[in-house]
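Taken in sequence, the protein lines are chains A and B. Numbering of the first sequence is given in the UniProt record's numbering, commencing with residue 1 and proceeding in unit increments. Numbering of the second sequence is given in the UniProt record's numbering, commencing with residue 1 and proceeding in unit increments. From the three backbone atoms N, C-alpha and C, an ideal C-beta is built for every residue, glycine too.
Protein chains: 2
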Amino acid sequence: MKRTENLTPFIVMDILQRANEIGDCIHFEVGQPDMAPSGGVLDGMREALDDGQFPYTPAKGIMPLREKISDFYKQYYRVQVSPERVMLTVGTSGAFLIAYSILVDIGEKLAFTDPGYPCYKNYSYVLGIDPVMIPVGAETNYQMTAGMLAEHENVKAVQISSPCNPTGNLYGKENLLGLIEYCKSKDIGFISDEIYHGLVYSGVKEHTALEFSDDAIVINGFSKYFCMPGARLGWMILPEKLVRPAEVVMQNLFISAPTMSQIGCVHAFDYKFLEDYKAEYEKRRDFLYNELKSIFKIDVVPEGAFYIWADISEYSDDCYNFALELLENARIAVTPGVDFGRNNTGKYIRFAYTRNIEHMAEGIRRLKEYLKQR
Amino acid sequence: MKRTENLTPFIVMDILQRANEIGDCIHFEVGQPDMAPSGGVLDGMREALDDGQFPYTPAKGIMPLREKISDFYKQYYRVQVSPERVMLTVGTSGAFLIAYSILVDIGEKLAFTDPGYPCYKNYSYVLGIDPVMIPVGAETNYQMTAGMLAEHENVKAVQISSPCNPTGNLYGKENLLGLIEYCKSKDIGFISDEIYHGLVYSGVKEHTALEFSDDAIVINGFSKYFCMPGARLGWMILPEKLVRPAEVVMQNLFISAPTMSQIGCVHAFDYKFLEDYKAEYEKRRDFLYNELKSIFKIDVVPEGAFYIWADISEYSDDCYNFALELLENARIAVTPGVDFGRNNTGKYIRFAYTRNIEHMAEGIRRLKEYLKQR
Numbered sequence: 001m002k003r004t005e006n007l008t009p010f011i012v013m014d015i016l017q018r019a020n021e022i023g024d025c026i027h028f029e030v031g032q033p034d035m036a037p038s039g040g041v042l043d044g045m046r047e048a049l050d051d052g053q054f055p056y057t058p059a060k061g062i063m064p065l066r067e068k069i070s071d072f073y074k075q076y077y078r079v080q081v082s083p084e085r086v087m088l089t090v091g092t093s094g095a096f097l098i099a100y101s102i103l104v105d106i107g108e109k110l111a112f113t114d115p116g117y118p119c120y121k122n123y124s125y126v127l128g129i130d131p132v133m134i135p136v137g138a139e140t141n142y143q144m145t146a147g148m149l150a151e152h153e154n155v156k157a158v159q160i161s162s163p164c165n166p167t168g169n170l171y172g173k174e175n176l177l178g179l180i181e182y183c184k185s186k187d188i189g190f191i192s193d194e195i196y197h198g199l200v201y202s203g204v205k206e207h208t209a210l211e212f213s214d215d216a217i218v219i220n221g222f223s224k225y226f227c228m229p230g231a232r233l234g235w236m237i238l239p240e241k242l243v244r245p246a247e248v249v250m251q252n253l254f255i256s257a258p259t260m261s262q263i264g265c266v267h268a269f270d271y272k273f274l275e276d277y278k279a280e281y282e283k284r285r286d287f288l289y290n291e292l293k294s295i296f297k298i299d300v301v302p303e304g305a306f307y308i309w310a311d312i313s314e315y316s317d318d319c320y321n322f323a324l325e326l327l328e329n330a331r332i333a334v335t336p337g338v339d340f341g342r343n344n345t346g347k348y349i350r351f352a353y354t355r356n357i358e359h360m361a362e363g364i365r366r367l368k369e370y371l372k373q374r
Numbered sequence: 001m002k003r004t005e006n007l008t009p010f011i012v013m014d015i016l017q018r019a020n021e022i023g024d025c026i027h028f029e030v031g032q033p034d035m036a037p038s039g040g041v042l043d044g045m046r047e048a049l050d051d052g053q054f055p056y057t058p059a060k061g062i063m064p065l066r067e068k069i070s071d072f073y074k075q076y077y078r079v080q081v082s083p084e085r086v087m088l089t090v091g092t093s094g095a096f097l098i099a100y101s102i103l104v105d106i107g108e109k110l111a112f113t114d115p116g117y118p119c120y121k122n123y124s125y126v127l128g129i130d131p132v133m134i135p136v137g138a139e140t141n142y143q144m145t146a147g148m149l150a151e152h153e154n155v156k157a158v159q160i161s162s163p164c165n166p167t168g169n170l171y172g173k174e175n176l177l178g179l180i181e182y183c184k185s186k187d188i189g190f191i192s193d194e195i196y197h198g199l200v201y202s203g204v205k206e207h208t209a210l211e212f213s214d215d216a217i218v219i220n221g222f223s224k225y226f227c228m229p230g231a232r233l234g235w236m237i238l239p240e241k242l243v244r245p246a247e248v249v250m251q252n253l254f255i256s257a258p259t260m261s262q263i264g265c266v267h268a269f270d271y272k273f274l275e276d277y278k279a280e281y282e283k284r285r286d287f288l289y290n291e292l293k294s295i296f297k298i299d300v301v302p303e304g305a306f307y308i309w310a311d312i313s314e315y316s317d318d319c320y321n322f323a324l325e326l327l328e329n330a331r332i333a334v335t336p337g338v339d340f341g342r343n344n345t346g347k348y349i350r351f352a353y354t355r356n357i358e359h360m361a362e363g364i365r366r367l368k369e370y371l372k373q374r
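Structure below.
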């Protein structure tokens with residue numbers, strides 16, 4: 001099967017499974033929050049259970065939640081987004097499938113960075129899209145630039161993510177604006193994955209692509225900042241002319257997003273809860289970054305999300321075996337860099353700071369001890 | 001966009017929206033149960049909320065539910081299915097996307113019936129698959145046969161559904177076996193949509209494709225028989241050699257199915273509840289079928305699911321306008337046949353018996369009165 005022969009499995013899932021078999025492991029591999037969502041969400045879902053109904057919703061989702069998301073853009077970014085342009089999706093996963101389906105035809109090109117989120121490439125293969133993987137590194141703080149994009153002909157759409165998985169870096173305002181303007185001038189679709197928005201530290205404020213363009217497709221959801229990966233609920237902000245095409249794909253590919261999750265997430269915009277949660281993650285980031293800097297070379301400052309991209313070349317040039325070694329010999333689970341692309345990824349591993357400081361401190365103790373006697 | 005230009009929207013959704021605007025309508029259009037799921041499901045979800053965690057699950061889903069599904073095949077059909085071959089999906093919708101991705105390459109052919117479930121065709125367009133729509137009618141009780149399939153070259157996979165939406169008919173054992181054997185002899189993938197299993201009436205027992213072949217992909221879920229369309233939880237039974245390819249597509253396109261739905265559905269196999277629910281739907285079927293027979297020609301006996309396919313040619317050859325006429329003038333919502341294909345569908349409408357008898361009796365009263373004075 002040509003469609004699936006290039007698909008890559010999530011290596012991190014194998015690591016997770018092996019970590020669970022070994023037991024008593026320190027978890028730096030898992031890219032999901034360890035906390036419960038705000039109490040309002042849970043209460044909202046309890047009420048829905050008392051009602052007991054599980055109907056489909058309209059394909060675009062329930063209006064009260066689409067209005068809350070519209071409010072979020074006003075309050076958080078001071079950007080006006082009509083609820084008509086908001087569509088609820090089955091995680092951000094479902095949103096990518098829809099965005100690519102309506103922007104990129106079979107055989108056409110979609111561009112994104114390498115390293116980057118591995119699924120962008122795999123959606124492309126499933127949909128018969130030709131992926132253009134643009135190598136990035138420390139020279140541009142792991143960002144794609146308009147200049148890099150200009151080296152590729154016939155790109156139909158561009159996918160960026162900021163803050164980025166696996167590097168934790170943020171697109172600066174100037175570069176983001178430059179990319180958006182370049183895409184506009186060439187009639188290239190622009191898709192901004194903003195799933196880690198909210199989790200940006202040191203008082204830095206992230207920019208949504210919607211501050212600079214109403215033509216961008218913005219993708220976000222409830223899995224990271226709102227602590228509900230298992231709710232499988234995301235959203236898209238669509239340019240007006242793409243709302244109906246996206247809705248038709250949503251109807252046919254998904255019918256609608258999970259109803260209970262939609263009902264609960266009406267209560268997810270609890271800004272006090274979200275501030276406290278971010279403050280906790282900032283402490284974790286500070287702790288882990290300071291520790292890892294003394295062990296590995298780190299060529300990208302982790303400004304957001306919950307990842308640190310560590311250069312292990314002093315110890316190994318084979319991140320996969322290094323990760324297995326750490327797992328088997330020191331009971332520390334990390335994600336090998338090769339999960340995120342082919343560009344120089346063999347000498348990196350990704351650390352997630354999704355567990356508390358006590359847990360991570362034990363991990364650092366084990367790591368130092370193991371590397372000393374290695 | 002070639003990919004999306006042939007996609008058809010769900011006309012039924014427009015009908016539903018207009019019906020809600022008009023108010024006081026009788027709903028024969030909606031293809032979802034009007035009941036709550038069994039109490040055990042709701043209690044299971046309440047416990048999960050008390051725990052408050054929303055993690056991703058493994059891509060294939062949680063083992064306790066996969067084991068329950070394995071038990072269901074043993075108890076309901078006397079077929080052995082290892083839990084390793086069970087994968088939980090985002091509704092049956094998600095299962096189709098995965099099945100087609102792993103069986104049919106870009107540009108290759110997928111065959112299914114016309115009329116039939118409209119999404120089969122639309123998934124094909126999104127995935128760059130060439131859909132082969134096989135016209136069926138009353139001559140073969142709206143079933144595809146091996147003979148019909150033999151008229152088409154290079155078919156890579158076949159999709160059937162039984163009981164069928166929109167016709168409510170069931171594939172007989174002999175024809176099902178004939179199709180499966182033909183597909184086996186030609187190395188054609190066989191996909192059986194069994195989402196309406198359980199809802200089969202008059203003491204007839206439906207057959208799963210797994211009774212005749214371990215190579216079939218069987219798709220089912222919790223939206224119809226288990227009363228939870230909004231849970232967005234389906235499952236696939238996969239041949240052993242396709243388990244891993246399907247898992248890799250699931251990881252990349254969905255990560256995992258909704259966690260709360262998975263936890264709740266562990267309690268969904270409450271056979272007493274399911275028997276009572278089916279008995280209620282059988283009463284509704286008997287009522288509506290007896291009434292409609294005296295008004296329209298009905299050329300296919302509704303053996304299962306919750307639909308009746310009514311030939312309106314005595315009144316109109318334009319089902320879309322006839323449906324609008326019933327809606328605007330008699331406040332009765334039905335689904336125009338053209339939602340389900342292009343083969344002679346203009347002279348049919350689909351009735352769903354998903355509301356109680358009192359509601360439907362009022363609909364029949366309105367229908368008779370309107371047609372008399374029309």
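For residue i: DSSP bridge partner residues
{"i": "residue 90/B", "result": "For residue 90/B, which the question treats as bridged, DSSP gives no partner whatsoever."}
{"i": "residue 219/A", "result": "193/A, 236/A"}
{"i": "residue 341/B", "result": "DSSP lists no partner for residue 341/B."}
{"i": "residue 161/A", "result": "193/A"}
{"i": "residue 336/A", "result": "349/A"}
{"i": "residue 26/B", "result": "332/B"}
{"i": "residue 109/B", "result": "130/B, 155/B"}
{"i": "residue 310/A", "result": "349/A"}
{"i": "residue 166/B", "result": "In the DSSP output, where bridge partners are listed per residue, residue 166/B has none listed."}
{"i": "residue 135/B", "result": "114/B"}
{"i": "residue 304/B", "result": "200/B"}
{"i": "residue 297/B", "result": "311/B"}
Cβ-Cβ separation, residue j to residue i (assumed contact under 8 angstroms), whole Å
{"i": "residue 3/B", "j": "residue 126/B", "result": "6 angstroms"}
{"i": "residue 111/A", "j": "residue 132/A", "result": "4 angstroms"}
{"i": "residue 292/B", "j": "residue 308/B", "result": "6 angstroms"}
{"i": "residue 61/B", "j": "residue 256/B", "result": "7 angstroms"}
{"i": "residue 168/B", "j": "residue 303/B", "result": "6 angstroms"}
{"i": "residue 31/A", "j": "residue 352/A", "result": "5 angstroms"}
{"i": "residue 263/B", "j": "residue 99/B", "result": "About 25 angstroms separates the two Cβ atoms, so there is no contact after all."}
Whole-angstrom distance between residue j and residue i, CA atom to CA atom
{"i": "residue 354/A", "j": "residue 201/A", "result": "15 angstroms"}
{"i": "residue 273/A", "j": "residue 280/A", "result": "11 angstroms"}
{"i": "residue 153/A", "j": "residue 144/A", "result": "16 angstroms"}
{"i": "residue 36/B", "j": "residue 93/B", "result": "21 angstroms"}
{"i": "residue 250/A", "j": "residue 139/B", "result": "35 angstroms"}
{"i": "residue 23/B", "j": "residue 10/B", "result": "21 angstroms"}
{"i": "residue 163/B", "j": "residue 34/B", "result": "19 angstroms"}
{"i": "residue 72/B", "j": "residue 64/B", "result": "12 angstroms"}
{"i": "residue 192/B", "j": "residue 325/B", "result": "36 angstroms"}
{"i": "residue 7/B", "j": "residue 14/B", "result": "16 angstroms"}
{"i": "residue 48/B", "j": "residue 240/A", "result": "39 angstroms"}
{"i": "residue 67/B", "j": "residue 199/A", "result": "38 angstroms"}
{"i": "residue 180/B", "j": "residue 5/A", "result": "27 angstroms"}
{"i": "residue 298/B", "j": "residue 310/B", "result": "5 angstroms"}
Of the listed residues the options, nearest to residue i (C-alpha basis)
{"i": "residue 367/B", "options": "346/B, 334/B, 330/B", "result": "330/B"}
{"i": "residue 341/A", "options": "119/A, 252/A, 254/A", "result": "119/A"}
{"i": "residue 285/A", "options": "371/A, 139/A, 357/A", "result": "357/A"}
{"i": "residue 223/A", "options": "56/B, 76/B, 305/B, 109/B", "result": "56/B"}
{"i": "residue 228/A", "options": "206/A, 258/A, 242/A", "result": "258/A"}
{"i": "residue 372/B", "options": "314/B, 189/B, 359/B, 300/B", "result": "314/B"}
{"i": "residue 21/B", "options": "345/B, 333/B, 185/B, 344/B", "result": "333/B"}
{"i": "residue 347/B", "options": "364/B, 322/B, 360/B, 362/B", "result": "322/B"}
{"i": "residue 183/B", "options": "207/B, 149/B, 196/B, 194/B", "result": "149/B"}
> Considering only residues of the segment 260 to 294 of chain A, which uninterrupted alpha helix (DSSP H) runs meet the minimum length of 4 residues and lie entirely inside it, listed in chain order?
Replying inline: 271 to 293
>> What ranges does the alpha helix (DSSP H) occupy inside the segment 51 to 90 of chain A, keeping only unbroken runs of at least 4 residues that lie completely in it?
In response: Runs found: 63 to 72.
>> Give me the subset of the segment 123 to 136 of chain A whose CB atoms are less than 8 angstroms from a CB atom of chain C, sorted by chain position.
In response: The structure shown contains no chain C; its protein chains are A and B.
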